[in-house]
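For the record, the sequence lines run as chains A and B.
If you use numbering that gives the first Met the number 0, the first sequence corresponds to residues 0 to 227, in order.
If you use numbering that gives the first Met the number 0, the second sequence corresponds to residues 0 to 227, in order.
Number of protein chains: 2
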Amino acid sequence: MPFRYAQFCPIARASELLGSRWSLLILRELFLGPQRFSDLRRRLAGVSTSVLAERLRYLEDRSLIATRPLPPPAASAVYELTPDGRAFWPAFREIARWGARYMVQGLEDSDHFEPDWVRLAALCFAASHETPALQIGFRIAQGSRHPDLVFRATGGPAGTRVDLEEHPNDAILRGEPVALLGVIAGAVDPVGGAVELSGDRAAAGRAASLFDLELAGSESPDSSPPVH
Amino acid sequence: MPFRYAQFCPIARASELLGSRWSLLILRELFLGPQRFSDLRRRLAGVSTSVLAERLRYLEDRSLIATRPLPPPAASAVYELTPDGRAFWPAFREIARWGARYMVQGLEDSDHFEPDWVRLAALCFAASHETPALQIGFRIAQGSRHPDLVFRATGGPAGTRVDLEEHPNDAILRGEPVALLGVIAGAVDPVGGAVELSGDRAAAGRAASLFDLELAGSESPDSSPPVH
DNA sequence: CTGCATCCGCTTCGATACTG
DNA sequence: CAGTATCGAAGCGGATGCAG
C-alpha cells in the first residue's frame, strides 16, 4: 500500500493517501461522526476486516484520522477525523456533487444504503449561494427499534447551513430515508404525501430551494474548467 | 476493473469510475488539453501500456473522455475530456488544493515533474475571491530545444482568471518551472532574481496575491466541515 | 513510430477462520 | 468486539510482440 506515483503533483500525493479501495468511504463515514471498528465494518458493507484494519492504521499513521478511547464504562475506542482529515471536506463535497449524476444511473436493488447518508447529502448539497430564510427539520424514520435521526437545514444570505439541533422554526419533514433524500434532490414534493409534514406547509414546499443538486448535463458555468 | 462498491452513494459511484490507479492522473493531463496515447504514457511516467489502454477504454466507455481523430496529415488521434469529464473540474481542483500540503513533505529527487503542471497549479490555486487588477504573464523556460510554455493570470473582482493568451498588461515572469511554481505558492519572490522579470516591477512583486495556496495547518473557516 | 494486446511474476484484495 | 492469519483470485508493472 505504500504505493508511490513518484510525481511532484498534489493530485498524485492525494491519490497515494486516499486512492486505495475503501479509503474515501472510510472518510465518508467519519464525516458523519466518530465510529467504532465494527460500525465501520457494517456501514462499509463488504470490506474485509483485514483491509479495514490496514486502511485505518495507514490513515492513522498519516494523521488523517485518530483513535480516541471512550470513557471508562465502554471498553472500546472510536476513530475520528483529525484536522488534516477534516480539511479534505471541500474536496469530498465536490466529489459527491459530481458523483450524484451517477446515483440513479446504474442503480441495483442490492445497493447498500445507510439512513444517515441523508444528512451527509444535505451537507454536500447545501447551497452556497443565498437561500430563502427557511428552517426545515428532517426526521429520518428508522422503524420502531431505533429512534429517528434528526437534523436541520437553515437558509440564509451566506447559503444553507446544516446542523444537528432539533426544533426548527418552520417545518418538520419525517419519512423514509430515500423519500427525504428525494426532497433534497428536488425529486420528491414534500407536500405530496410521500413524507409526513408538520408546521408551515408553504415553507416545507420550498425545502428543495435550500439545496442545489445539479445532475448530469446541466453544464453550469458555476466554476471555470480550463480553456484550450 | 468493473469493481462495484454496491452502495447508493455518490462518493462510491465516483470511486468506481475514477478510483483505480492512474485514472485521476489521466484526467489531470487531459485538463491541460487533448493528448495522444504516447504523450500520456510519457507524462504519466511509470504507467504500463496495458493499464493505460484499459483505463482509456474504460473512461471512454463511461463517456468521461473521447477520442478525436486528428486532421489527415497526422495518422493518429487524441484523447480529450467530454462535458461529463470536464464537470469533474471543481472536485479535481479541491483535491489538488488539499494535496498541496503533501507536495514538499515526502519529496524525492526522482519525482517526475512536467513543466506545464505549473499552468495547472495556476488554474487550481487561482483565488476565487477578489484579487488586485494585475495581469501577469508566465513563460516557462524549456531549454533551447522547445519553445517556452506561456500563460497569463488576470486578477479581478470575481477572482483570478487564467488563460492562454500572450501579452499580459503588467509584467512577464520567465524561468525554470519549479521557480515559477514557487511564485504561485508565494515561496519565491519574483523580484529576488530566481526568475527573469520584464515589465512593471511592482506589479510582478504582487504576483502571489493572485493565488491562494494554503498549506497544512491553516485551518481555514473558508468552507464548512460537518459539525458533531 | 504509434497504439495497443499478450504473457509473466509480484502485489493487492476478499472471504473465511481464528485469537485476545 | 477488535482485530490478525491464511489462502485463492484479481489487479498491476514490465517486457515483448505486432499490426497499421
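Backbone N, C-alpha and C define an ideal beta-carbon position, used for all residues, glycine too.
In three-state terms, what does DSSP make of residue i?
| i | result |
| --- | --- |
| L196(A) | strand |
| R54(A) | helix |
| F210(A) | strand |
| A125(B) | strand |
| W116(A) | helix |
| L106(B) | coil |
| T130(B) | coil |
| V46(B) | coil |
| P225(A) | coil |
| A201(A) | helix |
| S19(A) | coil |
| V231(B) | This structure leaves residue 231(B) out entirely; chain B is present only between 0 and 227. |
| S62(A) | coil |
| G98(A) | helix |
| R12(B) | helix |
| V182(B) | helix |
| V190(B) | helix |
| S217(B) | Residue confidence is low: S217(B) scores 49 on pLDDT, short of 50, so the model does not pin down where it sits. Its coordinate-derived value is still stated next. In the structure shown, S217(B) sits in coil (DSSP, three-state: anything other than H, G, I, E or B). |
How many whole angstroms separate the CB atoms of residue i and residue j, which I take to be in contact at a CB cut-off of 8 Å?
| i | j | result |
| --- | --- | --- |
| Q235(A) | T153(A) | No information on residue 235(A) is available, as it lies outside the stretch 0 to 227 that chain A covers here. |
| A90(B) | I25(A) | No, A90(B) and I25(A) are not in contact; Cβ-Cβ is about 18 Å, not under 8 Å. |
| L63(B) | D83(B) | 5 Å |
| L16(A) | R61(A) | 6 Å |
| G155(A) | A132(A) | 6 Å |
| M102(A) | P9(B) | 6 Å |
| S14(A) | L23(B) | 5 Å |
| F30(A) | L148(A) | Their Cβ separation, rounded to whole angstroms, is 15 Å, which puts F30(A) and L148(A) out of contact at 8 Å. |
Among residues of its own chain, excluding the 5 on either side of residue i, which ones have a beta-carbon nearer than 7 Å to its beta-carbon?
| i | result |
| --- | --- |
| A65(B) | E59, E79, T81 |
| A178(B) | V187, A193, V194 |
| V182(A) | L172, P189, V194, A206, A207 |
| G198(B) | D169, A170, I171 |
| E164(A) | R151 |
| P167(B) | Q134, I135, G136, R151 |
| L212(B) | A99, F124, I183, A184, G185 |
| E107(A) | none |
| G174(A) | A140, A193, V194, E195 |
| G18(B) | none |
| L180(A) | V117, A120 |
| R200(A) | V190 |
Who pairs with residue i in a beta bridge, going by DSSP?
| i | result |
| --- | --- |
| R160(B) | T153(B) |
| G230(B) | Any property of residue 230(B) remains undetermined from this structure, which presents chain B solely from 0 to 227. |
| P68(B) | A76(B) |
| Q34(A) | Y78(A) |
| H166(B) | H166(B) pairs with nothing; no bridge assigned. |
| Q141(A) | Partner(s): none; Q141(A) has no beta bridge. |
| Q6(A) | H111(B) |
What residues in its chain sit with their C-beta under 6 Å from that of residue i, if we drop five residues either side in the sequence?
| i | result |
| --- | --- |
| P176(B) | P114, V117, I139 |
| R160(B) | T153 |
| E218(A) | Reliability of the predicted coordinates at E218(A) is poor, the pLDDT of 48 falling under 50, and the value obtained from them is presented with this limitation in mind. So the list is empty, once near-sequence residues are dropped. |
| A11(B) | Y4 |
| E129(B) | P156 |
| A202(A) | L133, D169, A170 |
Here's a check: name, in chain order, each residue in its chain whose Cβ is nearer than 8 Å to the Cβ of residue i, leaving out the five neighbours to either side.
| i | result |
| --- | --- |
| P220(B) | Low confidence applies to P220(B): its pLDDT is 40, below 50, so where it sits in the model is not reliable, and the reading given next is rough at best. Hits under 8 Å: none found. |
| E28(B) | Q34, D38, L39, R42, L43 |
| G45(A) | H111 |
| R20(A) | V50 |
| R96(B) | C123, F124, L212, E213 |
| R3(B) | E15 |
| G204(A) | D188, P189, V190 |
| L69(B) | S75, A76, V77 |
| D162(A) | F150, R151, T153 |
| R92(B) | L122, C123 |
**OP:** Quick one: which unbroken beta strand (DSSP E) runs of 3-plus residues sit fully inside the segment 72 to 96 of chain A? Chain order, please.
**Re:** If we require 3 residues or more, the beta strand (DSSP E) runs fully inside the segment 72 to 96 of chain A come out as 76 to 80.
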